[in-house]
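Notes follow once the structure below has been shown.
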Amino acid sequence: MRDFLTQAARGLKPSGIRKYFDIVERMPDAISLGVGEPDFVTPWDIRSAGVRALQRGYTHYTGNRGMAELRALISRYEEERMGVVCPAEHVIVTIGASEGIDLALRATCEAGDGVLIPDPSYVSYAPIVTLCGGVAQSVSCSAESGFAVTPEALEEAVTPHSKILILTYPNNPTGAVMTKAELEKLVPVIQKYDLLVISDEIYAELTYGGGHVSIASLAGMRERTVVLGGFSKAFAMTGWRIGYTSAPAEIDAAMLKIHQYTALCAPSVSQHAAIAALAGGFESGFASVESMRAEYDGRRRFLLHALAEAGLTCFEPRGAFYVFPSVAPLGMTGEEFAERLLTEEQVAVVPGSAFGACGNYHVRCSYATGMRELTEAARRIAHFAQKHVKK
């Protein structure tokens, strides 16, 4: 029988994150700092809206773009809270922000196109680029630059084939953010090489010590930026699978056609829940979001201190819910550290190499877990580090 698989599908590597999740499931005493998911339950008012939608039989298709009420709320949310012009008629409600990434790349990336991706960053970007026939181009980021994309690093990575720049801040896995001043320095380079920006802002609400700045809010950037957002992280709605895109008209129209043929529409019950999340947020000043962010901030400060006490060098994250310590002081790669920590102390972290070559001597630790588990995990990491510190 012939080999029916495409070359791209055959060449895809399994996610470097999932490997450790699978092992943890077989270790009942293990503590996982690997999962990128809020440990909070979706706030009750949002869950209640979903329940009511089911009870009322709102279980049918919606329009392809999503419910008009939800798109209007997303438009208001982006413009009032993020400073991004976001016409409701150019919003697509998606099956999580993950579908938005796929739509944006499939609409704009074709064979031979170069897509510039910060290294380290979220694991899905490069594989999707490959499936589109494009070429993933790494933009090296370091702790010394706050894991931000610098104009110099971007210039160095650009080739004549470069077409798209993905920006993903606050960043997974580093917790880095980019300030307005840092983003402004990128604009001349982006314009010089006529790049489209795909800005993944799923962690926009989770910043500490300063609010999120979208590159789409800067002069001259709205018309060349696709903004991706969603409800998973800020509203603890990962399982509801609800996100959205906001793109320039021509790109938006192409993305909508792909969405029509591949997904049709986002889950209707989840859309009703998302309406409650935004409508209730405007009424309360987004109190539930602020409460969860304050809890994450406390965990962030605790884990940073604990890792420093264990002798691990750690860049201070300003967003998301991850820390990205260097394990080089122990003379290990991130892969070796993660495997030995899991075997010896039953704590799961993710090797930084899963997110790009620049993470080879780092690991990602998520603090989206309860303080009891976090405290015990920190104790075990300290014990491990003490055993293996280089003399």
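The sequence shown maps to residues -1 to 389 in our numbering. Glycine is no exception: its CB is placed at the ideal position from the N, C-alpha and C atoms.
Check, Outcome
"Could you give the DSSP three-state label for V267: helix, strand or coil?", "helix"
"Take the Cβ of T92 as the centre, count every other Cβ of all protein chains shown within 10 Å, and call the residue buried at 16 or more, exposed below.", "buried"
"Roughly how far, in whole angstroms, is the beta-carbon of A155 from the beta-carbon of S136, given that I think they are within contact range, below 8 Å?", "7 Å"
"Do you know offhand how far F2's Cα is from G9's?", "13 Å"
"Do the stretch 114 to 121 and the stretch 273 to 292 touch if we need at least three Cβ pairs shorter than 8 Å?", "no"
"Alpha carbon to alpha carbon, what distance is there between K183 and L152?", "11 Å"
"Relative to the alpha-carbon of V147, which residue among Y167, A261, I200, M80 has its alpha-carbon at the smallest distance?", "Y167"
"What are the residues that DSSP puts in a beta bridge with Q135?", "L114"
"Considering only residues of the same chain and omitting the five flanking positions on each side of P349, which have a CB-CB separation below 7 Å?", "G14, G332, E333, A336, V361"
"Let me check one thing: in DSSP terms, what residues is I196 bridge-paired to?", "I164, V224"
"May I ask you to list the residues that DSSP assigns as paired with D360?", "Looking at the sequence itself, residue 360 is His, so the reference to Asp does not match. S324."
"Per DSSP, what are the beta-bridge partners of I213 in this structure?", "According to DSSP, I213 bridges with nothing at all."
"Taking just the CA atoms, how far does S282 sit from Y123?", "35 Å"
"With respect to the alpha helix (DSSP H) encompassing T341, which residues constitute its N-terminal and C-terminal limits?", "332 to 343"
"I need the straight-line Cα distance from G48 to G354, nearest angstrom please.", "38 Å"
"How many Å lie between V83 and S73 at the Cα?", "8 Å"
"Taking the CB atoms as reference points, tell me whether D250 and I29 lie closer together than 9 Å.", "no"
"Which ranges does the alpha helix (DSSP H) cover as unbroken runs of at least 4 residues, wholly within the stretch 233 to 318, from first to last along the chain?", "247 to 260, 266 to 282, 285 to 307"
"Between the C-alpha atoms of M176 and A66, what's the straight-line distance to the nearest angstrom?", "32 Å"
"Let me confirm a value: G218 is counted as buried when at least 16 other C-beta atoms fall within 10 Å, else exposed. Which label applies?", "exposed"
"Is there contact between the stretch 264 to 272 and the stretch 51 to 61, where contact requires at least three CB pairs shorter than 8 Å?", "yes"
"Would you list the residues sitting across from P349 in a DSSP beta bridge?", "V361"
"Distance check for K385 and I213, CA to CA, integer angstroms please.", "45 Å"
"Let me know the secondary structure DSSP gives F387 once reduced to three states.", "For the sequence presented, residue 387 should be read as Val rather than Phe. Looking at V387 - three-state DSSP - the assignment turns out to be coil, as it is neither helix nor strand."
"Taking 9 Å as the threshold (C-beta atoms), are L101 and I164 in contact?", "no"
"If we ignore side chains and look at the alpha-carbon of each, how far apart do Y56 and L68 end up?", "14 Å"
"In angstroms, rounded to a whole number, what distance separates the CA positions of T260 and I273?", "24 Å"
"Give the DSSP bridge partners of I93, in chain order.", "Paired residue(s): none; I93 is not in a bridge."
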